[in-house]
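Asks: Dropping a structure here in structure tokens format, bear with me for questions.
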Ligand code: AMP
């Protein structure tokens, strides 16, 4: 049976509170839709941890800059519902709001740069919406994807806060595919005392190793083949560490070389501490190797955790 769809935030909050009053625990899986097995694995995990799970499907304009791919972000709402209908093991509802930045009333055009007076804006400011409150996780948001996408994590932290306030979940499940995002949300929840448990879920991959992503559909067959250089080089780097290679410069060079040889345009390859996300030169404790690279017009990210005990 297809899941119930809730379209507005007041009904969503009412539903959650009704569940809570029946003694049920609530899980939340925030998504931007065009669901794939990666998203579904988060939903299954949430269902093992809580009585009912809310899957939000909302493409958040607050995390896209006006030059990014908001308008071409793929969607297939009926397909998403069918995939969720096939999941067993507990009750799922879908929260699919129209615009979480529209507060009704007269909308004054505000386009002053946002983000504390900087010049960068998201599609929220561009749309002239009156929203002006943003959450920033100041240090963790700066590196990795934050360098080339300066409004991205402010948009993510803000929309996740809004979803937390609307859904009031006990547990929220995020994919480690977006490693920096997961760490930022964990830190935000700690720093702002949200009473919500944040769970990080392993990366779901295609059979050939490509990390699942809604954006993969925009790769041509040839680009998709070439994009395998990301997951392949990450796996090789992990194997090299197991064989004793600990120099991050050498490991990063190896990955960059493989991606470039496959005609990928590297945004970054970084080896960082798993918690602080600060760069390391020599692997001595747990790290994560993070890659972002363009194939054609599609920017892909992937990572691999390396736990070591030297
Ligand atoms: P998105 O719809 O891309 O915003 O992703 C929604 C959630 O699904 C985020 O927590 C992502 O990290 C997670 N996710 C996306 N792709 C994967 C994947 N391949 N494996 C695990 N989680 C994923």
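In this note's numbering, the protein residues as written are 7 to 316.
All residues carry an ideal CB built from backbone N, CA and C; glycine is no exception.
Quick caveat, the model's predicted, so the values are computed rather than measured.
Just checking residue 28 against the ligand AMP - is the residue's beta carbon closer than 7 Å to any of the ligand's heavy atoms?
Replies: Working through the chain shown from its first residue, we reach residue 28 at position 22. No, Cβ of residue 28 sits at least 7 Å from all heavy atoms of the ligand AMP.
Asks: What's the call for residue 105, buried or exposed, on a 16-neighbour Cβ count within 10 Å?
Replies: As a first step, residue 105 is located in the chain shown; it is residue number 99 there, counting from the start. Exposed is the call here.
Asks: Compare the beta carbon distance of residue 176 and residue 56 with 8 Å and say whether it is the shorter of the two.
Replies: Start at 1 with the first residue of the chain shown, and residue 176 comes out as number 170. Start at 1 with the first residue of the chain shown, and residue 56 comes out as number 50. For residue 176 and residue 56, yes; Cβs fall inside 8 Å.
Asks: Do the stretch 227–242 and the stretch 181–190 make contact, defined as three or more Cβ pairs closer than 8 Å?
Replies: In short, these stretches do not touch, since the Cβ pair count stays below three.
Asks: Going by the C-beta, is residue 159 closer than 7 Å to any heavy atom of the ligand AMP?
Replies: Reading the chain shown from its first residue, position 153 is the one you call residue 159. Flag unset: Cβ of residue 159 not near the ligand AMP.
Asks: What is the DSSP secondary structure of residue 47, reduced to helix, strand or coil?
Replies: Locating residue 47 in the chain shown gives position 41, counting from the first residue. Helix, per DSSP.
Asks: For residue 294 versus residue 280, is the C-beta spacing smaller than 8 Å?
Replies: As a working note, residue 294 is residue 288 in the chain shown. As a working note, residue 280 is residue 274 in the chain shown. Yes. Within cutoff.
Asks: Considering only residues of the stretch 112–186, which uninterrupted beta strand (DSSP E) runs meet the minimum length of 3 residues and lie entirely inside it, listed in chain order?
Replies: Here the runs fully enclosed are 177–181.
Asks: With distances taken from CA atoms, which of 142, 154 and 229 is nearest residue 192?
Replies: Taking the chain shown and counting its residues from 1, one reaches residue 192 at position 186. That would be 142, whose Cα lies nearest to the Cα of residue 192.
Asks: Would residue 204 and residue 180 qualify as a contact pair, given that the criterion is a beta-carbon distance under 8 Å?
Replies: Taking the first residue of the chain shown as 1, we reach residue 204 at position 198. Taking the first residue of the chain shown as 1, we reach residue 180 at position 174. The answer is yes: Cβ separation under 8 Å.
Asks: Put residue 206 into one of helix, strand or coil per three-state DSSP.
Replies: Start at 1 with the first residue of the chain shown, and residue 206 comes out as number 200. Residue 206 falls in the strand class under three-state DSSP.
Asks: Please name the residue, chosen from 258, 271 and 303, that lies closest to residue 289 on a Cα-to-Cα basis.
Replies: Counting from 1 along the chain shown, the entry for residue 289 is found at position 283. Out of 258, 271 and 303, 258 has the C-alpha closest to the C-alpha of residue 289.
Asks: Leaving out five residues on either side along the sequence, give the residues of the same chain with a beta carbon under 7 Å from the beta carbon of residue 291.
Replies: One-based indexing of the chain shown puts residue 291 at position 285. Closer than 7 Å at Cβ, skipping near neighbours: 314.
Asks: Rounding to the nearest angstrom, what Cα-Cα distance links residue 121 and residue 164 in this structure?
Replies: Counting from one through the chain shown, the residue named residue 121 turns up at place 115. Counting from one through the chain shown, the residue named residue 164 turns up at place 158. For residue 121, the pLDDT reaches just 46, beneath the cut-off of 50, and the residue's location in the model is therefore unreliable, although a value from the coordinates is still provided. Taking the straight line joining both Cα atoms gives about 12 Å.
Asks: My output table needs one value for residue 197: the three-state DSSP class, helix, strand or coil.
Replies: Here the question's residue 197 lines up with position 191 in the chain shown. Helix.
Asks: Leaving out five residues before and five after residue 299 in sequence, what residues of the same chain have Cβ atoms less than 7 Å from its Cβ?
Replies: Looking up residue 299 in the chain shown gives position 293. Once the five neighbours on either side are set aside, the close Cβ partners of residue 299 are 236, 265, 270, 271, 272, 273 and 306.
Asks: If you compare alpha carbons, which of 220, 238 and 255 is closest to residue 38?
Replies: By one-based count along the chain shown, residue 38 stands at place 32. Here the closest residue by C-alpha is 220.
Asks: Would residue 21 and residue 99 be called neighbours here (beta carbons separated by less than 8 Å)?
Replies: One-based indexing of the chain shown puts residue 21 at position 15. One-based indexing of the chain shown puts residue 99 at position 93. Cβ atoms of residue 21 and residue 99: closer than 8 Å.
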